[in-house]
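One structure below.
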Amino acid sequence: MRLPPIFVLRATVKKASRQPSKHMSGQSAFAIYKQLHDFKNGARANEIMAGVVHDLDDEQMADVAAHFSALTKGALDPKTISSGDPDVVRLVEYGNSARGVPSCASCHGAHAGGPIETPTLAGQRQEYLQAQLEAFANNGRCNDIFDRMRGIAAKLQPKEMEKLAEYYSAVRLFRPQD
Ligand code: HEC
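Per this note's numbering, the sequence shown runs over residues 774 to 951.
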């Protein structure tokens, strides 16, 4: 397998970047591949990541995705599911039909029927998650197919984005060995 020196790439990204970045473990191969692909063709604009993926061909991007991922999204560890703000837990689990906001878990949950490229949110940094929601809401990030996340984020209040980011950063992925 022609695996690029991904650990070197990651170290470079970490050093070069002051932006909140994302963990790759717990993501499905589909989610990682799509983001690498989008960084490369510019659908998701990020100078640092564009530089990192510039020289990767399709096969290498698939190899990187396979290297870091499981085939499916990670499941949430029930021990860490927040019992915090009930409004936020309700948004995550049920959404708000009056406002046209679907439940986050319907796509982001481990066995949810959402699109296969849906990323795992559990345990990502709060600043990263909040920045992504804000970017979807103001069209700073437009790589979501069929505007799925842009449509949802546009209906969220800034305070809700903050709380949702806090919620997902606090839950952990289920690891049987723990
Ligand atoms: C209809 C399915 C669907 C629903 C419902 C949904 N999402 Fe998403 N979400 C996605 C998909 C698909 C992506 C990946 C978009 C892309 O980059 O291709 C995504 C991406 C994200 C990201 C960026 C993650 C990253 O790693 O960059 C965040 C944050 C997010 N969603 C939060 C939420 C929250 C909070 C809710 C509930 C209010 C929600 N989503 C509801 C499908 C959904």
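For glycine and all other residues, C-beta sits at the position ideal for the given N, C-alpha and C.
Per-residue DSSP class, three states only, for V861: Start at 1 with the first residue of the sequence shown, and residue 861 comes out as number 88. Three-state result, V861: helix.
Coarse secondary structure for N912, derived from DSSP in three states: Residue mapping note: residue 912 aligns to position 139 of the sequence shown, counting from 1. In the structure shown, N912 falls within a coil segment according to DSSP collapsed to helix, strand and coil.
Determine the closest residue to H881 out of A895, A802, L906, with distance taken between C-alpha atoms. If you number the sequence shown from 1, residue 881 lands on position 108. Minimum Cα distance to H881 is reached at A895.
Could you name the residues of the same chain whose beta carbon sits closer than 7 Å to that of D811, not counting the 5 residues immediately before and after it, in chain order? For the purposes of this step, residue 811 is identified with residue 38 of the sequence shown, where counting begins at 1. Excluding sequence neighbours, D811 sits near R817, N916.
Cα-Cα, which of D920, E933, E890, F919 is closest to A904? What you label residue 904 is simply residue 131 of the sequence shown in a count that begins at 1. The candidate whose alpha carbon is nearest that of A904 is E933.
Please report how far the alpha carbon of E890 lies from the alpha carbon of H796, in whole angstroms. Your numbering for residue 890 matches position 117 in the sequence shown. Your numbering for residue 796 matches position 23 in the sequence shown. The C-alpha of E890 lies about 16 Å from the C-alpha of H796.
CB of G868 to nearest heavy atom of the ligand HEC: below 8 Å? Indexing the sequence shown from 1 puts residue 868 at position 95. Yes, the ligand HEC has a heavy atom inside 8 Å of this Cβ.
Below 7 Å CB to CB, which residues in the same chain sit around Y867 once its five sequence neighbours on both sides are set aside? For the purposes of this step, residue 867 is identified with residue 94 of the sequence shown, where counting begins at 1. Answer for Y867: S876, listed in chain order.
With a Cβ-Cβ cutoff of 9 Å, do R898 and S842 count as a contact? Position 125 of the sequence shown holds residue 898. Position 69 of the sequence shown holds residue 842. Taking 9 Å as the Cβ cut-off, R898 and S842 do not qualify as a contacting pair.
How big is the Cα-Cα spacing for A835 and T893? Counting from 1 along the sequence shown, the entry for residue 835 is found at position 62. Counting from 1 along the sequence shown, the entry for residue 893 is found at position 120. C-alpha separation (whole angstroms): 18 Å.
Which residues in the same chain as N819 place their Cβ atom closer than 7 Å to its Cβ, once the five residues preceding and following it in sequence are excluded? What you label residue 819 is simply residue 46 of the sequence shown in a count that begins at 1. Excluding sequence neighbours, N819 sits near F812.
When the Cα atoms are used, what is the spatial distance from G924 to A871? Your numbering for residue 924 matches position 151 in the sequence shown. Your numbering for residue 871 matches position 98 in the sequence shown. Cα atoms of G924 and A871: separation of roughly 15 Å, rounded to the nearest angstrom.
Using DSSP's beta-bridge definition, name the partner residues of V874. In the sequence shown, residue 874 corresponds to position 101, counting from 1. Answer is N869.
Mind checking whether the beta-carbon of E890 lies closer than 8 Å to any heavy atom of the ligand HEC? Looking up residue 890 in the sequence shown gives position 117. Yes; taking the cut-off as 8 Å, the Cβ of E890 has a heavy atom of the ligand HEC nearer than that.
How is the alpha helix (DSSP H) around G924 delimited, first residue to last? For the purposes of this step, residue 924 is taken as residue 151 along the sequence shown, with counting starting at 1. From DSSP, the alpha helix (DSSP H) with G924 extends over 921 to 926.
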